[in-house]
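Residue numbers (our numbering): 2 to 454.
We put the beta carbon where it would ideally sit given N, CA and C, even for glycine.
Keep in mind it's a predicted model, so treat the numbers as computed, not measured.
Quick look at the structure:
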């Protein structure tokens, strides 16, 4: 379908803005990306990152523009969780079927690569230029050094807000009538730490595992990097008996890690220094609607639907936004209002679903993964899946290893959970979990629920 060349602005040079720029450039549009921050390629990364977990949806969006192979060169496949339960040997949980993996990627490394690839396509980046305001009906943006200083004015045909959870573009949209907006901070923060490589450059932990130290209300995770290091993240309540507020001095930090993470305490590089140098960051779920304004402005990624990171789907969901948007562009050509309306109606229910699933997964990762009943339930599900792959796909696999809409995956997962609660209530389930009796009971429940695979 024929398209008119458009002059398009994107706010935000992060992963979503950079990939969207490539997609739009492939359609022949003129693209300018604005970012208030310096070029990430010229600075040391900030120490507030959680490594990315690229999965099926993200790879699908990259493959569509021929970038899957190149990005996999800077990623490490993780085939399983490595569970470090206190007082027990490490045990492993495979993520999916054989060779199914999520991929660990350094956020900073990927962002740098995406900007380079965008520039190679002819995208113009304007770093250190903060967007303060937007005229929505005319797609004009205003930039300047300060909010009250002199501003530059730019006129565009379209503007895409990819400027994150605290988007300036969305901020202006919020002032319009009937714009729904909510944000919900969880009472858990996070702090980045590092496990250095061995002297020979190898990894100190299994490099093809996502390492988790579940401790009920808090947890520690580690994801591998190409240089042999691990990017680690401590998730901990801001306040309370066990919290960041209790860790005010170096001796407190050493005591805390010795008590709760003794197997990894001595491996963390510059533990005391980095703990106080790196920021303690907050996590927010942000929802809004509508995501678009006429045929002029659209929000993509976190600016439309920021989520907590516990399903590893924030980037994947944003990349899927771009993939869906592109399919609509291919279908409708230059009918941007039609494209935008279809885009937001398609993506909003799925964004809400992955927000809910992400919050639930924090509860699972921090506390349930060390619970014997939960582990037995997962063992039953795994066994049944292997015997009846045409009847049962776990919700994690639906989210991570397929492109089934998030909303459908959650709805089916909720039905499966109701069935499993009935199974777990069977007398002596611990002894008979792998029996024909339990298998038949599951088949009977499924016949009633009629869950689609």
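Residue environment, residue i, which counts as buried when at least 16 other CB atoms sit within 10 Å
| i | result |
| --- | --- |
| residue 385 | buried |
| residue 170 | buried |
| residue 190 | buried |
| residue 117 | exposed |
| residue 331 | exposed |
| residue 390 | exposed |
| residue 121 | exposed |
| residue 378 | buried |
| residue 179 | exposed |
| residue 19 | buried |
| residue 318 | buried |
| residue 76 | buried |
| residue 1 | Residue 1 is absent from the model: the chain starts at 2 and stops at 454. |
| residue 89 | exposed |
| residue 223 | buried |
| residue 362 | buried |
| residue 92 | exposed |
| residue 373 | exposed |
| residue 12 | buried |
| residue 232 | buried |
| residue 208 | buried |
| residue 395 | buried |
| residue 82 | buried |
| residue 59 | buried |
Three-state secondary structure (DSSP) of residue i
| i | result |
| --- | --- |
| residue 264 | coil |
| residue 365 | helix |
| residue 320 | helix |
| residue 86 | coil |
| residue 337 | helix |
| residue 247 | helix |
| residue 422 | helix |
| residue 184 | strand |
| residue 136 | strand |
| residue 389 | coil |
| residue 441 | helix |
| residue 74 | coil |
| residue 153 | strand |
| residue 449 | helix |
| residue 115 | helix |
| residue 162 | strand |
| residue 284 | coil |
| residue 27 | helix |
| residue 236 | strand |
| residue 60 | helix |
| residue 131 | strand |
| residue 43 | helix |
| residue 105 | strand |
| residue 190 | strand |
| residue 274 | helix |
| residue 212 | strand |
Cβ-Cβ distance between residue i and residue j below 8 Å
| i | j | result |
| --- | --- | --- |
| residue 10 | residue 124 | no |
| residue 183 | residue 346 | no |
| residue 4 | residue 322 | no |
| residue 450 | residue 416 | yes |
| residue 196 | residue 269 | yes |
| residue 304 | residue 145 | no |
| residue 324 | residue 65 | yes |
| residue 314 | residue 355 | yes |
| residue 95 | residue 80 | yes |
| residue 101 | residue 402 | yes |
| residue 272 | residue 258 | yes |
| residue 185 | residue 281 | no |
| residue 154 | residue 143 | yes |
| residue 432 | residue 388 | no |
| residue 357 | residue 316 | no |
| residue 29 | residue 6 | yes |
| residue 279 | residue 205 | no |
| residue 126 | residue 14 | yes |
| residue 366 | residue 213 | yes |
| residue 381 | residue 434 | yes |
Nearest-angstrom beta carbon gap, residue j and residue i [assumed within contact, 8 Å]
| i | j | result |
| --- | --- | --- |
| residue 62 | residue 320 | 4 Å |
| residue 84 | residue 215 | 7 Å |
| residue 234 | residue 51 | 5 Å |
| residue 55 | residue 106 | 6 Å |
| residue 326 | residue 163 | That pair is no contact at about 11 Å. |
| residue 262 | residue 221 | 6 Å |
| residue 301 | residue 137 | Residue 301 to residue 137, Cβ: 16 Å. No contact. |
| residue 181 | residue 290 | 5 Å |
Heavy atom of the ligand COA within 7 Å of residue i beta-carbon
| i | result |
| --- | --- |
| residue 59 | Judged by which ligands are present, the structure shown has none, so any question about the ligand COA falls away. |
Open item on the list: Across the stretch 400-414 and the stretch 339-352, are there enough close Cβ pairs to call them in contact, namely three or more that are closer than 8 Å?
Closed with: yes
Task: Touch test, the stretch 231-250 against the stretch 293-305, Cβ-Cβ under 8 Å, three pairs minimum - done: no
Open item on the list: Under 8 Å, with one C-beta from each stretch per pair, do the stretch 25-45 and the stretch 125-138 reach the 3-pair mark?
Closed with: yes
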